[in-house]
Every structure is written in C-alpha cells, then in structure tokens.
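Numbering (our numbering), first residue to last: 1128 to 1334.
See below:
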C-alpha cells in the first residue's frame, strides 16, 4: 500500500525544502524534522502490551511497545539524512547501510556497499531514501534485504514520482510505502518534477 502523509507541518516543511535558495543547514534540519514526524505514522501499528508500573502515587497499568524490534536501513547517501529523526523517536533501533549509486547513462542503480545488523531478518526494517524516482534503487535494496531473510519491510520516502511508486508496488507488493508527496513525473534525466533537486548534494553541500 502507498501511504501519503499530508500532515500540515510536514507539508509546510517540505515546501521550504523544495525552494532552491534553502541552504544545506536548513535542508538537513528540515529533513530530520520531517523524518521524525513521518516516523509517528510508519510506527502507528506497532503492537502494545500492558505492564504494571509504579508511579510516585501508586501502582498502575501502562503500555509498552512489543512485537518485532526495528532496524533502519538508509540507502546511501541521501537516506542517511532520515536516520536521526527516526532514532529520536526509536533510540534502540539498529541501523544498517546499503550503498547504491545511479549510473548516469542507464539511470540504473549500482551496488557498492551493504552492512546490516546480524539479526536483521527478525526485525521490522524501515528503508529510507528521500527521493523515490525510477524505483530502481528501492527495488534493489528491498531485494537485498529479502535475500537476507527480511520479511517485514517498510519504505519511507520524502518525495516520490508515480513511475517509482508503480515499479516498487509491482515488484514488492508486500512492502508498504510512506511518502510525504507524490509529484508529477520524471524528466528525461530521471529527476523528479517538480522535486527538490538532488537530495544528497543539497544535504551534504556537494553542489
């Protein structure tokens, strides 16, 4: 399923990120803040159990998160920018990394790095990447996770193109996709329109 999170504060912050005059400092902070807000939605269905605790006044029953532990797997580079926001929400989550870059001629992803927690197959995995363009990197990352035994995977993107959503949904219909915005289309260079440019370059200040 595709979940578009249209919370007013997410949309406000995304609008600032889209502006070409927004610098790397503000871009980084806004991406972290949006990731935290999106984290509330992506973890909405985490089960709870009742536990007995003692407050300063008396004993009572409180709620505690249960079920599968979490792992965050950013697609390098830009996916790193979404990790800290989720970790602010779930500090005990483990973090893996998948390194992919886009071939400028074919627009297809090339894998150069993969490092995952040893127990990744037992965790709910949140794959992060600000941009879901062609869907190639997302599909490859999800396939790598599935090849390592992962069966509980969610995808978190800031901005998505319809083409990317269609491809990921077709190749991995069991993976829920959470996005802040679905944009118009891809241009001839496979960039999202209107998009926000190259998220990695804008985050790290490399262009």
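Here a beta-carbon is modelled for each residue, glycine too, at the ideal position from N, C-alpha and C. This structure is a prediction, so every number in the text was calculated from the model and none was measured.
*Any idea which residues DSSP pairs residue 1201 with across the strands?*
According to DSSP, residue 1201 bridges with 1255.
*What residues in its chain sit with their C-beta under 7 angstroms from that of residue 1154, if we drop five residues either side in the sequence?*
The residues are 1144, 1329, 1330.
_Nearest to residue 1213 (by Cα), restricted to the options 1164, 1182, 1325, 1276_ = When the alpha-carbon of residue 1213 is set against those of 1164, 1182, 1325, 1276, the nearest one is in 1164.
_Going by C-alpha to C-alpha distance, which of 1187, 1131, 1210 sits closest to residue 1219?_
Nearest of 1187, 1131, 1210 to residue 1219, Cα basis: 1210.
*Can we say the region 1158–1172 touches the region 1282–1294, given the rule of at least three CB pairs closer than 8 angstroms?*
With a cut-off of 8 angstroms, the region 1282–1294 and the region 1158–1172 count as touching, because enough Cβ pairs lie within range.
_Contact check, residue 1216 vs residue 1166, beta carbons under 8 angstroms_ = Going by C-beta atoms, residue 1216 is nearer than 8 angstroms to residue 1166.
*Relative to the alpha-carbon of residue 1320, which residue among 1152, 1177, 1290, 1192 has its alpha-carbon at the smallest distance?*
Of 1152, 1177, 1290, 1192, the smallest CA-CA separation from residue 1320 is found for 1290.
_Length of the line joining the Cα atoms of residue 1224 and residue 1327_ = Near 15 angstroms, if we compare the C-alpha coordinates of residue 1327 and residue 1224.
*asked:* Determine whether the beta carbon atoms of residue 1079 and residue 1295 lie at a separation below 8 angstroms.
replied: No answer is possible for residue 1079: it lies beyond the span of the chain, which begins at 1128 and ends at 1334.
*Look at the alpha carbon of residue 1306 and the alpha carbon of residue 1184, and state the distance between them as a whole number of angstroms.*
The alpha-carbon separation between residue 1306 and residue 1184 amounts to approximately 43 angstroms.
*How far does the beta strand (DSSP E) with residue 1281 in it reach, from first residue to last?*
Residues 1280–1287.
*asked:* So, for residue 1115: in the same chain, excluding its five sequence neighbours on each side, which residues have a beta-carbon less than 8 angstroms away from its beta-carbon?
replied: A question about residue 1115 goes unanswered here, because the residues of the chain that appear run from 1128 up to 1334.
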